[in-house]
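>
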Amino acid sequence: MSFFLRWLFALLLLTATYNPTPWNYVRWASRHGQDQMPLAVLLGLVLFVGYVIYLRATLRSIGAFGVALVLALVGALLWVLFDYGLFDLSDPKLVTWIGILALSLVLGVGLSWSIIRRALSGQVDMDDVEDN
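Heads up: the sequence shown runs through residues 537 to 668, numbered per our numbering.
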């Protein structure tokens with residue numbers, strides 16, 4: 537599975553949980569959670585499992601310092617793009633989407649870090665197992 541797919545699943549996890557549109561778990565559960573409690577709990581647990589997988593893998597592979605470093609890089613990139621006038625931060629929906637994108641990049645890098653490090657350095661982790 538490539539970095540793009542890992543990042544895409546992280547983006548889907550985050551946008552399924554919350555986004556500025558009406559189509560997300562948080563808004564659905566706040567409106568219909570009382571009426572459909574078993575479904576709300578099931579969907580909440582599915583999302584929770586996804587977060588546990590991504591967060592555990594991210595913290596194991598790059599740690600809290602790595603998370604901060606990736607966020608700093610994304611923040612600096614956004615600062616440059618804003619400075620060149622490529623987008624306007626006065627729109628709260630755009631800011632929310634940018635935050636979702638930034639967090640999904642952190643989770644995508646965290647889940648893919650062993651592959652990225654191996655590609656850059658040529659070193660193999662002890663956890664890497666080749667299927668032949």
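No residue lacks a Cβ here, since even glycine has one placed at the ideal position from N, Cα and C.
1) Would residue 548 be called buried (16 or more neighbouring beta carbons within 10 Å of its own) or exposed?
2) Determine the closest residue to residue 553 out of 585, 574, 607, with distance taken between C-alpha atoms.
3) Let me make sure I understand the geometry here. Which of 653, 654, 556, 647 has the alpha-carbon closest to that of residue 516?
4) Measure the alpha-carbon distance for residue 560 versus residue 577 and round it to whole angstroms.
5) From the DSSP output, in three-state form, read off residue 615 for me.
6) Restricting to runs no shorter than 3 residues, where is the beta strand (DSSP E) found entirely within the region 574-620?
7) Shortest alpha-carbon distance to residue 544 belongs to which of 656, 645, 653, 604?
8) State the Cα-Cα distance for the pair residue 642 and residue 572, rounded to the nearest angstrom.
9) Using the C-alpha atoms, what's the distance from residue 574 back to residue 616?
The short version:
1) As a working mapping, residue 548 is identified with position 12 in the sequence shown. With fewer than 16 other Cβ atoms within 10 Å, it is exposed.
2) Translated into the one-based positions of the sequence shown, residue 553 becomes position 17. Out of 585, 574, 607, the CA that lies nearest to the CA of residue 553 is found in 585.
3) The shown model of the chain, from 537 to 668, leaves out residue 516, and the question about it has no answer.
4) Taking the sequence shown and counting its residues from 1, the one referred to as residue 560 is at position 24. Taking the sequence shown and counting its residues from 1, the one referred to as residue 577 is at position 41. Near 14 Å, if we compare the C-alpha coordinates of residue 577 and residue 560.
5) Walking along the sequence shown from the start, residue 615 turns up at place 79. The answer is helix: DSSP assigns residue 615 an H, G or I state.
6) DSSP runs (the beta strand (DSSP E)) wholly in the region 574-620: none.
7) Residue mapping note: residue 544 aligns to position 8 of the sequence shown, counting from 1. The shortest C-alpha separation from residue 544 is found at 645.
8) The residue you call residue 642 lines up with position 106 of the sequence shown. The residue you call residue 572 lines up with position 36 of the sequence shown. Looking at the two C-alpha atoms, the distance is approximately 33 Å.
9) Position 80 of the sequence shown, counting from 1, holds the residue named residue 616. Position 38 of the sequence shown, counting from 1, holds the residue named residue 574. For residue 616 and residue 574, the distance between alpha carbons rounds to 46 Å.
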